[in-house]
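Residue numbers for the sequence shown follow the working numbering, beginning at 160 and rising by one. Note that the Cβ used here is the ideal one computed from N, Cα and C, for glycine as well.
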Amino acid sequence: MKMRFDAGSLMMVDDERVKAAIDLNLRQLAADIDDRGSDGAKRSLTLQIDLTPSVHEGCVTSVDAEIQITAKTPPRRTRPISMKLGADKSGKPMLEFNDASLDDPRQGTLDEARKGESLGR
160 MKMRFDAGSL
170 MMVDDERVKA
180 AIDLNLRQLA
190 ADIDDRGSDG
200 AKRSLTLQID
210 LTPSVHEGCV
220 TSVDAEIQIT
230 AKTPPRRTRP
240 ISMKLGADKS
250 GKPMLEFNDA
260 SLDDPRQGTL
270 DEARKGESLG
280 R
């Protein structure tokens, strides 16, 4: 059946796949807000419709429509992890962190002190 392409019929295009894609992206945004919405950052859903005319001998014969739905969430980030510059066994530089103290890579433990390992260096 021929239908006018407008905002109302957009949800019915391609056996309602456009509607399904929008609904899926909205659920993903809602899940992201539920997971980490306390960050206060905005999430967005963008609907882009690209219309490309087909031209034959100077006349438009048809128009191809391509619909793109894009959800955007803030990037996932860890908190800053303090690291120190060290060296591997061959002397090549490498970064080191302390999984027991992500704020101080030089902090040692009592077990390390008992073994005679250096604390704070």
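DSSP three-state call for residue i: helix, strand or coil?
i    : result
V165 : The question names Val, yet the displayed sequence has Asp at residue 165. Three-state result, D165: coil.
A179 : helix
I192 : helix
R280 : Residue placement at R280 is flagged as unreliable, the pLDDT there being 48, under the threshold of 50; the coordinate-derived value follows with that caveat. Coil.
L261 : coil
E271 : helix
D223 : strand
Q207 : strand
S241 : coil
S213 : strand
Among the residues of its own chain, which have a CB less than 7 Å from the CB of residue i, if the five just before and after it don't count?
i    : result
D174 : none
I208 : A224, I226
Would you mind giving the Cβ-Cβ distance between residue i and residue j, rounded to the nearest angstrom? I have them listed as a contact below 8 Å.
i    : j    : result
L185 : L204 : 6 Å
A200 : P239 : About 18 Å; that fails the 8 Å criterion.
E255 : G267 : About 13 Å separates the two Cβ atoms, so there is no contact after all.
P264 : S241 : 5 Å
V177 : L169 : 6 Å
R202 : K161 : At roughly 37 Å, the Cβ-Cβ gap does not stay under 8 Å, so R202 and K161 are not in contact.
Take residue i as the anchor and find which of the options has the nearest alpha-carbon.
i    : options                : result
M253 : S260, A259, L261, K243 : K243
T211 : E225, V172, A180       : E225
I192 : E271, K161, R235       : R235
T237 : A179, R195, M170       : R195
I'd like the list of long-range same chain contacts for residue i, defined as Cβ closer than 6 Å, with 5 residues on each side in sequence excluded.
i    : result
T220 : S213
L206 : I228
D247 : M253
Tell me which residues share the same chain as residue i and place their Cβ nearer than 8 Å to its Cβ, disregarding the 5 neighbours each side in the sequence.
i    : result
F164 : V172, A224
Please confirm if the segment 256-275 is in contact with the segment 202-217, defined as three or more CB-CB distances below 8 Å between the two stretches.
At 8 Å Cβ cutoff, the stretches do not touch.
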